[in-house]
Every structure is written in C-alpha cells, then in structure tokens.
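Protein sequences, first through last, are from chains A and X.
Each residue of the first sequence is one higher than the one before, starting from 1 at the first, in UniProt numbering.
Each residue of the second sequence is one higher than the one before, starting from 1 at the first, in UniProt numbering.
We put the beta carbon where it would ideally sit given N, CA and C, even for glycine.
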Amino acid sequence: MSDPKKLHPLSTLLTFFRELKSLVLPIVFLFFMGNGEKHNIWDYVPIIGIGAVILFVLVSGVVKWLRFTYRLEENELKIEYGLFVKKKRYIPVERIQSLDLSAGILHRMFGLVKIRVETAGAGGGSDSEAELTAITKAEAQALQQFINEEKSRKVLANKQDARFEKAESRSDRDIFYQAGLFELLLLAATSGGIGVVISAVFAFLSQFQDMIPYEKIFKEAAHFIEMGTIVIAILVFLVLFVAWVISIGLTLLRYAGFALSKEEGNVVIQKGLLEKQQLTIPMDRIQGITILENPLRQMLGYCSVHLESAGGAGEEKGSASMVIIPMVKKKKALQMLAELFPDYCFSASLTPLPLRSASRYIGRACLFATPPVIAAAWLFWPFGLWGLTAFLPALLYGFARFRAAGWNVSAGQLTVRTRGVSLQTVFMLRHRIQSLEMIKTWRQRQRKLASVHSVVKSGATGKKIKVTDASAADAEEIYQWYELRKKG
Amino acid sequence: MKEPAKRISTKALRVWRISGVISSVFLWLLLIGASVAIFMNQWPLWIFFILVAVGVAEVLIVVVILPNMRWKRWRYEVREREIELQRGVFIVRRTLIPMTRVQHVDTKQGPLLRKYGLGAIHISTAATIHEIPAVEIEEAEEMRKVIAALARVEEDV
C-alpha cells in the first residue's frame, strides 16, 4: 500500500456541498440583495457574485481532490494536500488511536465511507486529525487492516500466535447493547429535540417572507380569532404535536441501529440510518463514565450512558463526551457497565450532603428566581405579585438538587452525583483525575462546609466535576483520598 | 489539615502593592473628574467628602489589606509525587496536582516581577493550568527543573 492513492471522485462533490453549506448565509444575503429590480449593471453584481462564489467552490473542490493523496509508507500514513500551498501530514501508525467510519446517503449509494483518523495528539482540535472524505469500503478495510497489523507487529513482535488468535476473534466482536425499537421511541419521545424543531420551523418561515402572503394570512387569522380560542388552542396543540413527531423521526434516524460492542480493548459504537457512523474509543483513553437521567426518564427508570474521552471525536463540537448507551433501564445499564468496565465500581453507595447545606442550595435557586420576580412585580403591580409563587418551584428545585447530590470515594475511584435538570452520576478513576481542588468560601467556613472540584480531561480541555457544599470533614476526606503524601 | 509548607516570596507583597496602586489610579481619575463636576456645579460639599472617603478606602483595601491577606494565605509545596497549592482571601482554594499529570512547567517574568528578581511558575496538566505567582527567580528555575525531573520519573513507572 505504498503508492499514493486518491480519494474517490465523489469527494469532489462532498467537499463542494460542505463548503457550500458554510457559505449558505452570505449567499442567501447576496440573493436577497440582488432580488430587487434591475436598472443598471451594478444591480447584477450580487447575482454575479453568487455565481462566482459557487464556481470557485466547485473548482476548488476539484483541485483539492486532484491534489489530495494518501499512502502508507515506512510505518506512516502520509497525506499530501492543499489548494495553493502543498501541505504534508505524516502520521506515525503507532500514534493512530482509531479510525472512525461514517457514511452518508451519497456515500452509501456508491459504497463509500468517510474515515476520520483519530490520533493521540495532545492539542486536540480539528486540525490535528486527518480526514479521508470518501474512499471505497475495500480500501478502508485494507487501510484498517494494515494499521492494525503494523500496530500489533510492534506490540507482539515475539508473540506471533497471539496475533493470529486476536485477528480471528476480531471478526466476531461481542455486542453489548443494541437499541431496540421501543427504547429508541422512548428516547425520541423524551428528548428535548422538540424545541429545536419548533425554532427551526419559525426560522424557516421567517426566511420566506416574500413568498408567503402574510397579510392574507393575518386577515384570515382575524377570522380564526372570532372562531374562538378553542380552535386556536387545538391548532397550537397540533403544531406542537407535529413538531414532536418530527423530532421523534429525527432522533430515530440518528440513533437507529445503535450498537455498542467491545473489541480488542476498544469500545466500538455504530449508529445511524441515513448517515451510518462507526466510532472507536480506545479503552485507555476513557477518562470518566457518566450516567444521565433526565426527570422524565428517571421516572420511567431509564438512563443514558456517556463517556468522557481524551481523544477528539465528540458528539458535538467542542466536547468529547459521547453517548455509548442512549437509552436503557438503569438496572441493566449498571450490569452492562460492570461487565464492560471491570476497573470501575458502579454500585458504590453515595454519602449525602449534611442537612445544613440544604438552605444554601435552596437559597441559590431562589436567587436566580429573584430578578424576574421583582421585574414582574414592578411592571404589573399589583398583579405581578403573583410572580412570588415562582419561588415555590425554585424552592423545590433547590431542594431536589440538594437531595440528589452525593459522593463516594473507594480504593481508586471517585463517584459524584449532582443534578442540573438531569440527574448526573460521574465515575472517575483516581489516576484519570488531572487535579483536584478543595474550596471553602467565607460563608462555607462559618458553616463548616466545603466544595470539591475534580477535573478530568475531556477532548482538548477539561471537565470539572463538582461536589458543592459537602461537610468540611467529608471534603477533606475526598481531598486526602486524592493526596499522595504518606499519611500519619 | 496541615497547610502546605512553603510561602511565596515576601517581595510579592511589594509587587502586589504596586499593581494595586496602578489599578487605583483609574478610580482616582474618575473621582477627580467627579470632584471637578461637584465644584463646577456647586453641589453640596459632603458628596465630595464621600468620594474622598471611597478613594481612601479603596487604596487601603487594594494596596494594604488585600495583598497582606493574599500573601498570608498563599502556600505551596512541591513533594516527590505531587504539588499542593493553597490560595485565596475570601474563597480559599487548595489544589493537588499529581506529578504524573504534569505535562510541562514554565517560568514567567513580567516587568514588575523582573524588577524584584521574582518569577511566576505555571504548571500545566492535560486539562488545567496552575500558577504560583511570585517566587525568587533562582528558586523558580530550580523548581521548574525539579518538577520536570520528578514528572518524568513518575511517567516512567
């Protein structure tokens, strides 16, 4: 595999679409600017501009494809690319953590995959990784195999048999979890996606002011109002319902076929219906495990499980937190996790916070409610005083947060549970914690309380896990658990 | 719990006082502007006295009290397997950084620190950065070497 290879020509089109997507706002802007009546040549500038931009993007896509080559040589993945300046990126094979595959609709029509090369680069960010936009499945497999072999040759130079054994067992990886239809539906129904859809619909409608005869609609709306509020209520309900159904559909597309498996010290995730994705997370890059239960799911006894990984591939940009189990009964999740991650302990019983810190949690929640309440009381005097009732949910919320909070330290592990809206339980091994801080504010000192912040690496940066307002003795216990100084 | 053993340099007090003075200058300019307005418009004189009181109090706090309290709190200790820091006037923070997690150590020196022969030490892990703000520069350089060596030893294990 040492001669330079090109990507599949389809990557031209894919690059074109991707670049176009990032230019969509300026193009729309230009389009509306050039939409007026044409009097002289200057009025055509926006239209010509759009044409030029699109042409440039198309040509640059072709040139990029022409200049992009990759090859495996001397134990390195060598990629050469660049539109004007020729750039070379050589990645030593042993630095490659994993190859993440994904395939969109276009990819799948041609039997192609996109490959993202994850390296152990400390810098993180998109620039430290390499991406092969479109190569055939066969080529991807060859690449994967070559890299695996190179890597295992290094590690198992004197254990030839072990390598063969491993190569064989790789084909049938153990699938730990597969999302069933019921779980997927539940996932979709209880996710917060509906808000996104509604705002998208509004954004969409506001884009087409010229085409939709709003005035006419408003006149008809006046008729509607005469028809009574019930009809409107039903309509609003219908719109919300449709948005909900759409959000369910989107979630289903995204998570359909979700499967979690373990393979040679890697966690492998596959998901997606239209765009298929395969993510590989090396076990030794895992920094922490999180169980998340939003209130709705908590009531039903379900949860999702996330990983903090030190390598780049996150769910969303900027975070390296990724879902490994989107929806599962909590009991089953604990069983599965215990099997998947034998180093961790998932059954530790948590120490709650002392009762005296409840008032601090409640106080903080009420503090956030105060400005709107004052504003309401002042603007709509005296009816605005009803705003005071907002303190009741704030009080309950504060208390719920207090009750949810808890911590545990065992031999090599710190477990922290907190609630934002969702209940979040984070499991961290001691040697994965980057640093740990004990914090006592002036008020906390008076009440013999303290907070503990531990930082784990997550993607390129860190993630802070907080135990807020534990008793000072407990906080010191956590602190001393982390301390390496010889005790006594 | 035992506090970390070492204090930062006493010269840090002077550096903080000077930067306190510098930051007070802005407030004083504002106060002087306000005083001019008071005399021009012949507003009651007690407003002027309040302004003076605010200015004096600010200087007292920023230049004398806060640096003292900060210095008294600041402790650090570089042990074989970890670094411990303690700092903060109203919010006291104690931090542990295991040697295994240290990725690199820098010493930095701004103009003020250089004048007093001090240096600041920045300790970076993969996810966090910690600062010891004012140590004698020779000690800082020494500490940088020691930490780098200790961090490397730990990594080999």
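- Under the 8 Å criterion on CB atoms, Thr-461 of chain A is classed as interfacial with respect to chain X.
- Per the C-alpha coordinates, the member of A:Leu-253, A:Ala-259, A:Val-421 positioned closest to Tyr-177 of chain A is A:Ala-259.
- Around the beta carbon of Asp-284 of chain A, fewer than 16 other beta carbons lie within 10 angstroms, which makes this residue exposed.
- As computed with DSSP, Trp-407 of chain A is found in a beta bridge with A:Thr-351, A:Val-416.
- Taken through DSSP and simplified to helix, strand or coil, Val-373 of chain A comes out as helix.
- Within the region 251-336 of chain A, the complete beta strand (DSSP E) segments of 3 residues or longer fall at 259-263, 266-271, 276-282, 286-293, 302-309, 321-329, listed in chain order.
- Rounded to the nearest angstrom, the Cβ distance from Val-455 of chain A to Ile-433 of chain A is 7 Å, consistent with a contact under 8 Å.
- Exposed is the label assigned to Arg-152 of chain X, since fewer than 16 other Cβ atoms lie within 10 Å of its Cβ.
- Taking 8 Å as the threshold, the shortest C-beta distance from Arg-116 of chain A to chain X does not fall below it.
- From the beta-carbon of Glu-476 of chain A, the residues of chain X found nearer than 9 Å are Met-1.
- A Cβ-Cβ contact shorter than 8 Å links Lys-330 of chain A with Cys-303 of chain A.
- Under the three-state reduction of DSSP, Ala-450 of chain A is assigned to strand.
- Within chain A, no C-beta atom comes less than 7 Å from the C-beta of Ile-8 of chain X; the nearest is roughly 18 Å away.
- Straight through space, the alpha carbons of Arg-254 of chain A and Gly-272 of chain A are spaced by roughly 5 Å.
- In the three-state reduction of the DSSP assignment, Leu-385 of chain A falls in the helix class, which pools H, G and I.
- Inter-segment contact for the region 358-368 of chain A and the region 329-344 of chain A is absent: fewer than three beta-carbon pairs are separated by less than 8 Å.
- Not a single C-beta of chain A is nearer than 8 Å to the C-beta of Ile-132 of chain X.
- Per DSSP, the unbroken beta strand (DSSP E) holding Met-428 of chain A starts and ends at 423-429.
- Here the region 419-439 of chain A lies against the region 285-297 of chain A, with 3 or more beta-carbon pairs under 8 Å apart.
- Just measuring C-alpha positions, the residue of A:Leu-20, A:Trp-65, A:Thr-251 sitting nearest Ser-191 of chain A is A:Thr-251.
- For Thr-441 of chain A, the residues of chain X that pass the 7 Å Cβ criterion are Phe-90, Ile-91, in the order they occur in the chain.
- Assigned with DSSP and collapsed to three states, Thr-128 of chain X falls in coil, not helix or strand.
- The CB of Leu-429 of chain A never comes closer than 7 Å to any CB in chain X; the least such distance is about 13 Å.
- Under DSSP, no beta-bridge partner is assigned to Met-1 of chain X.
- Val-113 of chain A is positioned such that its CB atom lies closer than 8 Å to that of Lys-137 of chain A.
- For Lys-21 of chain A, no Cβ of chain X is located within less than 8 Å of the residue's own Cβ.
- Secondary structure at Thr-15 of chain A: helix, using DSSP grouped into helix, strand and coil.
- Looking at A:Ala-188, A:Phe-31, A:Val-242, A:Ser-359, the one whose alpha-carbon comes closest to that of Arg-297 of chain A is A:Ala-188.
- Just so you know, the alpha carbons of Ser-422 of chain A and Leu-30 of chain X end up roughly 47 Å apart.
- With its beta carbon at least 8 Å from every one in chain A, Arg-75 of chain X lies outside the interface.
- DSSP places Pro-44 of chain X in the coil class of the three-state scheme, outside both helix and strand.
- Contacts between Val-455 of chain A and chain X, judged by CB atoms closer than 7 Å, involve Ala-127, Thr-128 in chain order.
- Sequence-distant Cβ neighbours of Leu-350 of chain A in its own chain, meaning closer than 7 Å and more than five residues away, are Gly-406, Trp-407, Asn-408, Thr-415, Arg-417.
- At a cut-off of 8 Å between beta carbons, Leu-436 of chain A contacts chain X.
- Restricting attention to X:Glu-131, X:Val-21, X:Ile-121, the CA atom closest to the CA of Val-64 of chain X is found in X:Val-21.
- For Leu-307 of chain A, there are no C-beta contacts with chain X under 9 Å, since the nearest C-beta of that chain is about 16 Å from it.
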